[in-house]
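Enquirer: Submitted below is the structure of interest, expressed as structure tokens.
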Amino acid sequence: MPLHFNTVTPLLKTILEDLMQADEFKDFRLVGGTALSLYYGHRMSVDIDLFSDAEYGSLDFKAIDDYLRAHYFYVDSMDIAPIGMGKSYYVGRSADESVKLDLYYTDPFIDQVQEFSGLRLASKAEITAMKLDVIQRTGRKKDFWDIDRLKDDFTITEMFALHAKRYPYTHERELLKEKFTDFNQADEDFEPMCLRGRHWELIKVDMIDFKNTL
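In structure tokens form, the structure reads like this:
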């Protein structure tokens with residue numbers, strides 16, 4: 114299955130390919146909306162989220178920082194506190210030509226990594242569980258956009274089961290059902306650049322219909 118690189122900028126693609134080849138990032142895989150955009154080609158995505166389920170404290174963030182500063186003209190970290198669950202950067206050619214990069218520990222992955230010409234992506238099932246976790250806390254417009262695409266591959270029952278499997282201690286079925294059609298915060302959010310002609314009001318209707326199949 115070819116990836117849809119038309120959903121990201123050439124700079125993002127180059128940085129992602131570089132990081133995936135570097136030993137410092139061998140324990141990370143791409144998650145989130147950018148991974149889904151590469152899978153489906155449904156919307157543009159502008160950042161890189163790399164997660165690792167390595168044992169907490171085992172990742173060498175100094176080596177990662179050294180790598181980034183040695184390989185990119187522009188590196189800006191928003192984090193000045195000691196490393197907690199991870200770290201965020203902007204990396205690229207300049208402040209105006211940069212990509213947001215998030216590097217974080219995560220709960221153990223429940224599915225195998227998917228590899229495409231050296232790129233490591235979390236599976237669609239994995240990202241479905243992660244997206245529902247965001248929805249349970251109150252999703253943004255782009256999260257509902259992604260769920261709208263994922264529902265072509267997963268029933269809502271399957272989605273809920275994946276969330277329960279990945280987050281057994283925080284999965285709350287009734288809360289998740291409620292949040293699945295809670296658009297209050299998302300209504301105020303910016304609209305993703307959609308590549309398949311979808312509109313927010315239609316997606317909301319589809320989310321309501323989709324929840325009713327549960």
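FYI, this note's numbering numbers position 155 of the sequence shown as 268, with every residue one higher than the one before it. All C-beta atoms, glycine included, are put in the ideal place defined by N, C-alpha and C. This structure is a prediction, so every number in the text was calculated from the model and none was measured.
Quick check on S207: does DSSP put it in helix, strand or coil?
Expert: It is coil, neither helix nor strand.
Enquirer: Write down the C-beta distance between I161 and V212 rounded to the nearest angstrom, noting that I regard them as a contact closer than 8 Å.
Expert: About 6 Å; that satisfies the 8 Å criterion.
Enquirer: From this set, V144, M198 and Y203, which residue's C-alpha is nearest L124's C-alpha?
Expert: Of the candidates V144, M198 and Y203, the one whose C-alpha sits nearest the C-alpha of L124 is Y203.
Enquirer: In the DSSP assignment, find the unbroken beta strand (DSSP E) run with E228 in it and report its ends.
Expert: Start and end: Q227 to F229.
Enquirer: Specify whether the region 160-174 and the region 215-224 touch according to this definition: at least 3 beta carbon pairs, one from each stretch, less than 8 Å apart.
Expert: Judged by Cβ distances under 8 Å, the region 160-174 makes contact with the region 215-224, as three or more pairs qualify.
Enquirer: Going straight from the alpha carbon of T147 to that of K324, what length do you get?
Expert: Computed Cα separation, rounded: 25 Å.
Enquirer: Taking E239 as the reference, which of V226, R250, L232 and G231 has the closest Cα?
Expert: For the residues V226, R250, L232 and G231, the minimum Cα distance to E239 belongs to V226.
Enquirer: On a Cα-Cα basis, can you pick out the residue from F257, R182, S230 and A135 that is closest to M243?
Expert: It is F257 whose Cα lies nearest to the Cα of M243.
Enquirer: Three or more C-beta pairs under 8 Å: does that hold for the region 276-284 against the region 310-321?
Expert: With a cut-off of 8 Å, the region 310-321 and the region 276-284 do not count as touching, because too few Cβ pairs lie within range.
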